[in-house]
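Order-wise, the sequence lines are chains A and B. With the first sequence counted from 1, adding 21 to any position gets you the working numbering. With the second sequence counted from 1, adding 1 to any position gets you the working numbering. Note that beta-carbon positions come from the ideal geometry of N, C-alpha and C, so glycine has one too. Have a look at the structure below before the remarks.
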Amino acid sequence: MRLLPRFRDRWLLRRIPPASSVRLNQRRIFIMPTAVGLAFLVALLLMLLTAINYQNSLAYGLTFLLGSLYLVTILHTWRNLAGLVLQAGGTTAAFVGEQALLRVRLESPGRAYQAVALGWPASGLRLVDVPAGGAVEVELSLPTQRRGWLRPGRVRVESRFPLGLLVAWSWIDLELAALVYPQPSIAERPPGGKVPETEDEGTLTHGAGVDDYQGLRAWQPGDPRRRLHWKAYSRGQGLLVKDFASLLGNDPLLDFDALDGDTEQRLSRLCHWVVDLSDKQQPFALRLPGELVGPDGGQAHRDACLRALALHGLSEEGVK
Amino acid sequence: MSAKPGIPRNSLIWLLVAQVLVILPHLTHLPLWIIGLWLGCASWRIQIFRMRARYPRSWLKALLMIGAGFGVYFSRGSLVGLEAGVVLLIAAFILKLVEMSTRRDALVLIFLGFFAVVTSYLFEDSLVAGLYSLLPVTALLAAMIGLQQSSLVTRPWPTVRLAGSLLLQAIPLMLVLFLFFPRLPPLWSLPQAGDRGTTGLADHMAPGDIARLGRSAELAFRVTFDGDIPPRDQLYWRAVTFERFDGRRWSQSYASQLPQAPEWQAAGEPLSYSIVMQPSGQPWLFALDVPQVASAEAQLMEDFHLQRRQPVNKPLMYQASSWLDARREATSAPASLGRALQLPEQGNPRTRAWATELRRSAQEPQAMVDALLKHFNRQPYHYTLEPPPVGSDIVDDFLFETRSGFCAHFAGAMTFVLRAAGIPARVVAGYQGGEVNPAGNYLSVRQFDAHAWVEYWVAERGWVSVDPTFQVAPERVEQGLEQALAREQSFLADEPMSLLRYRDIGWMNALRLRWDSLNYGWQRWVLNYQDEQQSQMLQRWFGKLDGQTLGLGLVALLGVLTGVLALLLFKPWRRETDVQQRLFRRFERLLARHGARRHKGEGARSFAQRAAVMLPEQAPAILAFVSLYEAQRYAEQTDATDDLSRALNQLRRALPWRPAAPAQRG
């Protein structure tokens with residue numbers, strides 16, 4: 022039973038190799054009649070029978086006209102995908118249970134493309150129109166069930182335009198991958214203790230933090246609004262933020278080994294605290310078996326921690 | 002695409018338009034309540050779309066359906082048969098509109114629409130009807146396209162333009178299919194469109210009957226002669242003979258309808274012609290004496306008229322040859338002579354007495370006929386479409402009292418006199434003359450050309466035709482009815498709209514003749530393009546064809562046309578205007594065959610350097626190509642693409658030949 026899909030996958034791999042940008046051409050587009058198309062052919066057969074039994078030339082004519090239209094539609098349906106360029110756009114990471122967003126850019130090198138459907142049959146296809154010479158970005162959402170890299174595999178792009186009698190489709194691998202973080206689950210207190218103390222407590226400043234006021238610096242996008250120095254702003258000195266440094270040693274350590282439960286539960290709880298502490302602008306460190314992230318604060322640190330949680334124990338496959 | 006996709010506005014608009022266009026040609030044979038039904042259903046459907054009404058509940062749907070069924074039964078008297086079937090089809094087509102909520106329903110509606118168009122052809126298949134039907138078909142296709150479009154597309158015109166262009170692209174293929182698709186005889190018999198009130202000759206003739214036809218300008222048949230059109234006074238188109246006279250009307254005898262070929266000898270050169278006759282509701286075919294038809298369907302009957310098994314209920318085309326000078330049943334006295342002497346026991350005593358008297362003075366039958374014709378010529382007889390009423394002895398009253406009548410009066414009276422004098426005679430009914438159409442060099446014969454004349458039998462000469470009307474109104478035979486009735490103003494008095502009334506306005510007449518010629522061409526080449534015509538035509542063009550060659554040729558021709566269309570649609574010569582890009586892609590493919598694949602995102606230069614390391618012998622050629630490529634690409638030297646392709650060829654020659662690259666995941 023598994024032989025056929027595997028054979029198909031290997032064949033597709035040869036025919037449409039994965040790439041972040043794919044132009045649909047004759048090797049990549051397949052075409053088949055739809056159920057409507059088959060019903061149309063049955064209707065044509067009935068019309069032909071009417072024409073034969075009534076010996077009516079006009080009925081013959083209309084039957085032949087619609088039959089020819091069917092042939093013409095093959096070309097048009099095919100053309101409604103041919104030449105279309107699909108590019109992988111960015112992806113937005115999600116926690117397990119949320120919808121991961123994957124973006125695909127459809128670009129038309131020439132004419133307009135109408136009603137192109139894109140997506141995975143299991144979760145429904147999105148219908149888009151691509152303007153002539155323009156591009157549209159489609160956001161595809163996928164439910165997430167496991168942490169790690171979500172690789173939806175080949176995305177189906179299809180078109181039934183103009184008459185719905187035929188469907189032209191392709192399965193293309195845009196190497197889409199979205200990172201899925203563990204599902205945060207609430208734990209009462211941050212696991213683990215403090216970051217292991219050094220001799221000279223509180224002297225080592227380590228990047229931005231919340232512990233120690235360091236002075237004022239110019240505002241940069243991403244700085245929290247709570248730390249804006251409004252007084253300086255009212256004096257006309259521009260937007261300044263109060264800069265704090267975190268003192269190494271006082272930061273909480275989120276320690277995998279300090280938790281009990283199975284791996285996934287532990288990761289979920291760690292995830293909760295990563296999100297929680299990051300929201301509070303609290304620097305922290307994360308220790309997973311064989312890996313220590315931080316201590317640090319800020320968005321980049323949060324992302325690094327979540328990524329470490331998401332990929333813990335999994336290979337980094339796909340990040341080539 | 003949700004589970005139950007609704008119907009986009011665009012599609013609904015075109016569906017409504019298509020319904021009007023589909024139903025319109027059917028109105029001639031639909032009961033009027035259909036219009037009300039459509040108006041009700043359409044406005045209901047629009048209100049549903051605007052969310053101001055609900056879809057009908059199932060009990061209401063059932064009620065509407067049963068109501069429509071009853072409506073059909075009461076207005077058509079039946080639920081079977083073509084007329085009732087079509088009304089049912091149209092009613093279903095309309096009712097489905099209200100019930101339609103998903104795309105699937107809409108598709109059912111569209112397919113019903115196509116069928117309704119096909120059935121409209123069974124009632125009306127003129128050129129105008131054929132061209133008109135392209136409108137509903139286009140609208141139905143537009144509705145079909147609208148179903149596929151996203152609901153954001155709201156302008157209806159681009160949709161119908163696309164539908165029209167699809168149809169135009171399909172037309173060449175359609176013509177090929179139409180010409181070459183083998184025509185089959187009917188597989189089983191179906192109810193035909195019933196009597197559409199055809200006018201024409203009947204199987205009996207009372208004195209006023211043909212005069213009634215004289216008021217109709219309806220077409221009876223059209224003839225194309227292989228050679229020149231013979232003079233008018235030779236064009237006596239026989240339809241049927243009347244042998245029985247009951248004192249009031251002349252009718253066909255049963256014996257004359259036996260398919261027993263009469264004896265005749267051809268003489269002179271035959272005239273060949275083809276006739277397309279309009280539906281007459283009668284089984285006779287029209288032909289000049291003595292005809293032979295190519296089709297096995299029609300036979301020469303005992304009284305020299307052509308008849309086929311079924312009545313002619315739709316336009317019929319046939320080929321015939323006629324020997325105008327043939328001698329008919331000259332060698333021996335035919336069995337029909339007894340019938341040709343039959344007279345009622347009673348009635349018309351004055352005529353009988355006069356006939357005996359005439360016969361006494363003219364011994365020979367020929368002399369008798371001549372005397373009779375001279376009588377019609379000399380005496381004040383009057384040719385008119387509006388003969389005065391006569392009493393019970395119709396021949397007496399006509400010959401001695403009123404002395405005015407139409408051709409049927411003259412033919413009937415002459416036959417009566419001949420029979421009373423002992424000369425076998427019968428009335429022949431048919432058409433005389435016809436209008437020559439110079440635009441198409443053919444003859445149109447209309448109902449007002451209906452005519453009746455006489456034939457009598459003499460030993461050794463056989464049956465001889467004679468036309469008493471010619472003695473009274475020679476212009477009827479030489480010029481036509483209009484001229485014969487010039488004084489009377491009664492020609493087409495009942496048809497004020499007929500274009501024939503304006504024959505004296507030159508440009509209008511030319512236009513009318515051209516239009517008639519166009520319709521005749523349509524009838525001959527399109528409507529009658531069936532089994533026989535097709536094989537004749539194909540044989541004329543391509544010689545003898547067997548089914549297999551025909552099938553292969555059809556498929557090949559379709560393939561070629563589709564290919565041409567594909568070329569026109571895709572314009573492959575325009576696809577890659579960027580020559581450098583194309584050459585670079587070839588360069589990539591070439592190196593990939595030798596194992597050097599460009600990584601994703603790898604620049605041209607770094608790829609070339611890597612490839613040069615992998616293929617050290619060809620390194621200079623590789624680097625030369627890339628340098629040239631970069632120079633042209635980034636320094637915008639776009640005019641020297643020849644150099645680039647030369648560099649590529651040098652590289653190709655430097656490399657050993659290798660087939661296509663093995664599959665490998667990049």
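Check: Check each residue of the region 269–302 of chain A: if its Cβ is closer than 7 Å to any Cβ of chain B, include it; give the result in chain order.; Outcome: none
Check: Taking a contact to mean a Cβ-Cβ separation below 8 Å, would you say W324(B) touches V291(B) in this structure?; Outcome: yes
Check: Nearest chain B C-beta to T71(A) closer than 8 Å, yes or no?; Outcome: yes
Check: For the beta strand (DSSP E) containing P469(B), list its first residue and its last residue.; Outcome: Looking at the DSSP string, P469(B) is not in any beta strand (DSSP E); the run it does join, the alpha helix (DSSP H), is 469–473.
Check: Among V455(B), R515(B), G434(B), whose alpha-carbon lies nearest the alpha-carbon of R477(B)?; Outcome: G434(B)
Check: For a contact meaning CB atoms closer than 7 Å, what does M145(B) contact in chain A?; Outcome: L184, G185
Check: Quick one: list the residues of chain B neighbouring F85(A), beta-carbon separation under 7 Å, in chain order.; Outcome: M175, L178, F179, F182
Check: Below 9 Å between beta carbons is the criterion; list the residues of the region 524–543 of chain B that meet it against any residue of chain A, in chain order.; Outcome: V527, L528, N529, Y530, Q531, D532
Check: Please specify which runs of the alpha helix (DSSP H), each continuous and at least 4 residues long, are wholly inside the region 347–403 of chain B, giving them in chain order.; Outcome: 350–362, 366–379
Check: Could you check whether the Cβ of M53(A) sits closer than 8 Å to any Cβ belonging to chain B?; Outcome: no
Check: Are the C-beta of F1(B) and some C-beta of chain A separated by less than 8 Å?; Outcome: Given that chain B is displayed from residue 2 to residue 667, the structure contains no residue 1(B) and the question cannot be resolved.
Check: For S134(B), which residues in chain A fall below 8 Å Cβ to Cβ?; Outcome: L79, L83
Check: Tell me the residue span of the alpha helix (DSSP H) that contains Y74(B).; Outcome: 59–77
Check: Please confirm if G228(A) has its CB atom under 8 Å from at least one CB of chain B.; Outcome: With a pLDDT of 48 at G228(A), under the threshold of 50, the modelled position of that residue is not reliable, and the figure given next carries that caveat. With 8 Å as the cut-off, G228(A) does not count as an interface residue toward chain B.
Check: Taking the alpha-carbon of M615(B) as reference, which of L17(B), R379(B), A597(B), A632(B) has the nearest alpha-carbon?; Outcome: A597(B)
Check: Which word fits Y457(B), buried or exposed, when buried means at least 16 other C-beta atoms lie within 10 angstroms of its C-beta?; Outcome: buried
Check: Where does V52(B) land, buried or exposed, given buried means 16+ other C-beta within 10 angstroms?; Outcome: Checking the sequence shown, residue 52(B) turns out to be Met, not Val. Exposed, by the Cβ-count rule.
Check: Would you mind telling me which residues of chain B sit closer than 7 Å to Y75(A), beta carbon to beta carbon, in chain order?; Outcome: L123, L191
Check: Just verifying my parser: in three-state terms, what is the DSSP assignment at N314(B)?; Outcome: coil
Check: Buried or exposed, going by whether 16 or more other CB atoms sit within 10 Å of the CB of L113(B)?; Outcome: buried
Check: Alpha carbon to alpha carbon, what distance is there between G481(B) and P473(B)?; Outcome: Note that residue 473(B) is Val in the sequence shown here, rather than Pro. Cα to Cα, V473(B) sits roughly 13 Å from G481(B).
Check: Does the beta carbon of G114(B) come closer than 8 Å to any beta carbon on chain A?; Outcome: no
Check: I'd like to check one pair, S89(A) with L178(B): are the Cβ atoms closer than 8 Å?; Outcome: yes
Check: Which of helix, strand or coil does DSSP assign to D317(A)?; Outcome: strand
Check: Which of helix, strand or coil does DSSP assign to L139(A)?; Outcome: strand
Check: In the DSSP assignment, what are the bridge partners of K263(A)?; Outcome: L237(A)
Check: Would you call G548(B) buried or exposed, if buried means 16 or more other Cβ atoms sit within 10 Å of its Cβ?; Outcome: exposed
Check: Are Y122(B) and L65(A) close, meaning C-beta to C-beta below 8 Å?; Outcome: no
Check: From S362(B) to L419(B), what does the alpha carbon distance come to, in whole angstroms?; Outcome: 14 Å
Check: Please report the distance separating the alpha-carbon of R653(B) from that of Q581(B).; Outcome: 16 Å
Check: From N11(B) to V161(B), what distance separates their C-alpha atoms?; Outcome: 10 Å
Check: In chain order, what residues of the same chain lie with their CB nearer than 7 Å to the CB of A414(B), ignoring the 5 residues before and after it?; Outcome: V396, F399, L400
Check: Just the Cα atoms here: how many angstroms apart are R58(B) and L501(B)?; Outcome: 56 Å
Check: Which of helix, strand or coil does DSSP assign to A329(A)?; Outcome: helix
Check: By the 10 Å Cβ neighbour count, where 16 or more other Cβ atoms means buried, how is A144(B) classified, buried or exposed?; Outcome: buried
Check: Quick check: what's the CA-CA separation for H595(B) versus Q286(A)?; Outcome: 51 Å
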